[in-house]
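Step one of this worksheet: look at the structure below.
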Amino acid sequence: MKNIAFGLLFAMLWSSAAVATKLGILSVHPLILANVRLIIAGIFILLISFFFQSDCRIQPTRKELGQLAFFGLFNSTIYLGAFVLAIKYLSPGIGSLATATNPLFITLLSALLLQRKPQGKELGSLILGLLGILLASYPQLKLDPSVWKGLLILIGGIITVSAATVYYVRTEWQLNSFVINGWQVLLGGIFLFPFTAYFSDVNAANFDLRFLFSVAWLIFPVSMGALWLWFYLIDQDPVSASLWMFLCPVFGYIYAYLFSGESITVFTVIGTIIVIVGLYVGKKQARVS
Numbered sequence: 004m005k006n007i008a009f010g011l012l013f014a015m016l017w018s019s020a021a022v023a024t025k026l027g028i029l030s031v032h033p034l035i036l037a038n039v040r041l042i043i044a045g046i047f048i049l050l051i052s053f054f055f056q057s058d059c060r061i062q063p064t065r066k067e068l069g070q071l072a073f074f075g076l077f078n079s080t081i082y083l084g085a086f087v088l089a090i091k092y093l094s095p096g097i098g099s100l101a102t103a104t105n106p107l108f109i110t111l112l113s114a115l116l117l118q119r120k121p122q123g124k125e126l127g128s129l130i131l132g133l134l135g136i137l138l139a140s141y142p143q144l145k146l147d148p149s150v151w152k153g154l155l156i157l158i159g160g161i162i163t164v165s166a167a168t169v170y171y172v173r174t175e176w177q178l179n180s181f182v183i184n185g186w187q188v189l190l191g192g193i194f195l196f197p198f199t200a201y202f203s204d205v206n207a208a209n210f211d212l213r214f215l216f217s218v219a220w221l222i223f224p225v226s227m228g229a230l231w232l233w234f235y236l237i238d239q240d241p242v243s244a245s246l247w248m249f250l251c252p253v254f255g256y257i258y259a260y261l262f263s264g265e266s267i268t269v270f271t272v273i274g275t276i277i278v279i280v281g282l283y284v285g286k287k288q289a290r291v292s
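Throughout the sequence shown, residue numbering follows our numbering, covering 4 to 292 in sequence.
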């Protein structure tokens, strides 16, 4: 029951990131939003660990710092940077739907890492997931061809974060998951800072209530809450953890409809169903593997 409650809460929180991001980038450049989120979230997580987890070691060794830096670069810097840039071109619903295909890429990358040929169901599930995303995006693609740019950026980010997840699972960590999350988020923000300084204009940013609400939601419920839940679920069973990704597109479209006025079309419903079928096929194959 605990795992079920944690999994349900993870899906609800994780799928809210797209809507919160869409609102935040109306006030500031996407990279500013991502950078503020990462730096503040990392500091808060490490402070909580320092004051409330005194029995856990917080300071990493030199080797662990290298592992955390690699993990943070892929899991936070590249992925989150790609995510916020992609949401500039995509609706929140499509962003949530595409992010839900993460387990399919994880399964495929795990097979390649084990130096075995990907099986038919693994490739088939990934193809179904991508087709579902394209179908759900079809009405937006007709209206705005730049949606293609957003999809390609986001899929590139998903491949990166999937590789980071495989790396996390295969690394023997001596730090607990909460501390790992704090360091990788903070380091990810540090690595992102030069790109933010170069590509964004702080003078044009509007640090209004909308920005403050957006970044606060992304920091506390998403970066701190949802990621801790995700690491907990992965530690219990990486394959079972992917089950909760099934619900992310559903919650994502509910949030997008309620808070962004995104319309839910026949293409949306059919595309989401195809993605969920692809996730189901991929999950069964991953468990067998």
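Note that the Cβ used here is the ideal one computed from N, Cα and C, for glycine as well.
Going by beta carbons, S94 and A259 fall inside the 8 angstroms limit. The C-alpha of S113 is placed about 23 angstroms away from the C-alpha of P252. Counting along the chain, D238 sits inside the alpha helix (DSSP H) bounded by residues L230 to Q239.
Relative to the Cα of Y201, the nearest Cα in the group P33, A23 and L26 belongs to P33.
Between G191 and I48, the gap from beta carbon to beta carbon reaches 8 angstroms or more.
Just measuring C-alpha positions, the residue of G274, I28 and T80 sitting nearest F198 is T80. Counting only the Cα atoms, I42 lies some 7 angstroms from I193. Between L68 and the set P224, V164, R213 and I183, the nearest pair of CA atoms involves I183. In this structure, DSSP gives T268 a state outside helix and strand, which the three-state scheme calls coil. Selection F77, A8 and L126 evaluated against I161 yields F77 as nearest (Cα-Cα). In this structure, the CA atom of I279 is about 20 angstroms from the CA atom of A8.
Non-local C-beta neighbours of L230 in its own chain, meaning closer than 8 angstroms and more than five positions away in sequence, comprise N184 and V188, ordered along the chain. Proximity of the region 105-112 to the region 161-180 meets the contact definition, three or more beta-carbon pairs being nearer than 8 angstroms.
If you draw a straight line from the Cα of G285 to the Cα of V225, it comes to about 25 angstroms. With 16 or more other Cβ atoms inside 10 Å of its own Cβ, F181 counts as buried. Judged by pairs of C-beta atoms under 8 angstroms, the region 23-39 does not touch the region 148-159, as fewer than three such pairs exist. Remark: fewer than three beta-carbon pairs, one from each stretch, lie closer than 8 angstroms, so the region 87-101 and the region 120-130 are not flagged as touching. Here DSSP, grouped into helix, strand and coil, assigns N6 to helix.
Y283 and L250 have their C-alpha atoms some 12 angstroms from each other. Looking only at F54, V205, L246 and N179, the smallest Cα-Cα distance to P63 is reached by N179.
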